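Asker: Using this note's numbering, the first residue of the sequence shown is number 58, and each one after it goes up by one.
Pasting a structure here, questions to come.
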Amino acid sequence: MSKFIKLGPCEACGSKDNRAEYTNGFWCFGCSKYETKKDTKSLRERINPISVNINSQVLNIVHEIPVTPLKWLLSYGITQKEIKKYGISWAPQEKILVLCMKKDYWQGRNFGYGNQKYKSNGNKPSLIYGKGKTLVLVEDILSAIKISRTENYAALPLLGSSLSKDTESKIIKRYKTIYVWLDRDKAKNSILIKNRLRSFDIISKTILTTLDPKVYSKQNIINILEEKK
Ligand SMILES: [Zn+2]
């Protein structure tokens with residue numbers, strides 16, 4: 058397994074101290090950029106996973122995603138480019154597809170032990186995918202990635218179905234319009250969140266669809282958000 062060396066600046070995102078150096082590579086907690094070292098000294102180590110320490114829990118990750126989790130990603134139309142862009146990686150020991158990895162939080166789709174679909178650890182971050190001016194609250198990361206492909210919408214994965222006070226205060230400062238698009242069985246939560254956002258003078262509505270946002274194409278997503286029939 059690799060060892061952590063130090064935190065340093067990241068050229069890709071401009072962060073001063075988010076890029077962690079390991080004996081065999083680099084991982085940026087800011088922009089999820091991942092690199093393996095190419096010098097001969099660490100050549101033997103390059104095939105080893107990078108051991109990222111989050112909340113004193115070590116997650117050993119590699120960037121080669123096996124067929125089953127890769128097929129799962131592709132079934133939602135996630136591209137190789139997006140896998141790279143968002144630093145989606147594989148934890149071979151736990152058999153978890155790591156969808157997001159920050160300094161004190163990670164979340165992944167479980168392909169290993171137990172019935173739990175998603176596994177995570179740490180404090181949920183406020184992650185915003187995309188640059189659109191209208192924010193859409195969704196449950197999961199893949200749904201957020203799909204929405205971020207549109208021009209006018211950005212998405213925040215709740216990583217569950219509730220909106221934390223911390224995230225709420227951040228988004229109501231930044232967005233005037235915030236939609237809530239959760240699973241059909243969370244309709245009650247959606248309405249609660251929408252009403253709360255409206256109490257801060259945010260323009261808000263709930264969106265109810267039979268399937269998760271991550272299932273829909275870019276054009277479908279735009280049509281649904283803009284209520285085009
Ligand atoms: Zn970075």
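Beta carbons are placed, not taken as given, at the ideal position from N, Cα and C, and that holds for glycine.
Since we're looking at a predicted model, the values are computed, not measured.
1. Is the CB-CB distance between residue 200 and residue 211 below 8 Å?
2. Answer with buried or exposed for residue 241, where buried requires no fewer than 16 other C-beta atoms within 10 angstroms of its C-beta.
3. Nearest CA to the CA of residue 191: which residue from 228, 275, 168 and 82?
4. In three-state terms, what does DSSP make of residue 200?
5. Rounded to whole angstroms, what's the CA-CA distance from residue 284 to residue 234? Just pull it up for me.
6. Would you report the Cα separation of residue 74 and residue 85, rounded to the nearest angstrom?
7. Just to confirm before moving on: does the CB-CB distance between residue 91 and residue 271 stay below 8 Å?
8. Going by CA-CA distance only, name the one from 79, 218 and 206 that's closest to residue 63.
9. Considering only the beta carbon of each residue, do residue 87 and residue 72 sit closer than 8 Å?
10. Does the separation of the CB atoms of residue 214 and residue 237 fall below 8 Å?
11. Roughly how many angstroms separate the alpha carbons of residue 173 and residue 96, rounded to a whole number?
12. Taking C-alpha atoms, which residue in 170, 209 and 122 lies nearest to residue 188?
13. What did DSSP end up calling residue 206 once you bin it into helix, strand or coil?
14. Excluding the 5 residues flanking residue 50 on each side, which residues of the same chain have their C-beta closer than 7 Å to its C-beta?
15. What residue range does the alpha helix (DSSP H) around residue 224 cover?
Answerer: From the atom records:
1. Taking 8 Å as the cut-off, the beta carbon of residue 200 is found no closer than this to the beta carbon of residue 211.
2. exposed
3. 228
4. helix
5. Between the alpha carbons of residue 284 and residue 234 lies a gap of roughly 15 Å.
6. Those two C-alpha atoms are separated by around 9 Å.
7. In this structure, residue 91 sits away from residue 271, with a CB-CB distance that is not shorter than 8 Å.
8. 79
9. yes
10. no
11. 39 Å
12. 209
13. coil
14. Not covered by the structure: residue 50. The range shown for the chain is 58 to 286.
15. 222-231
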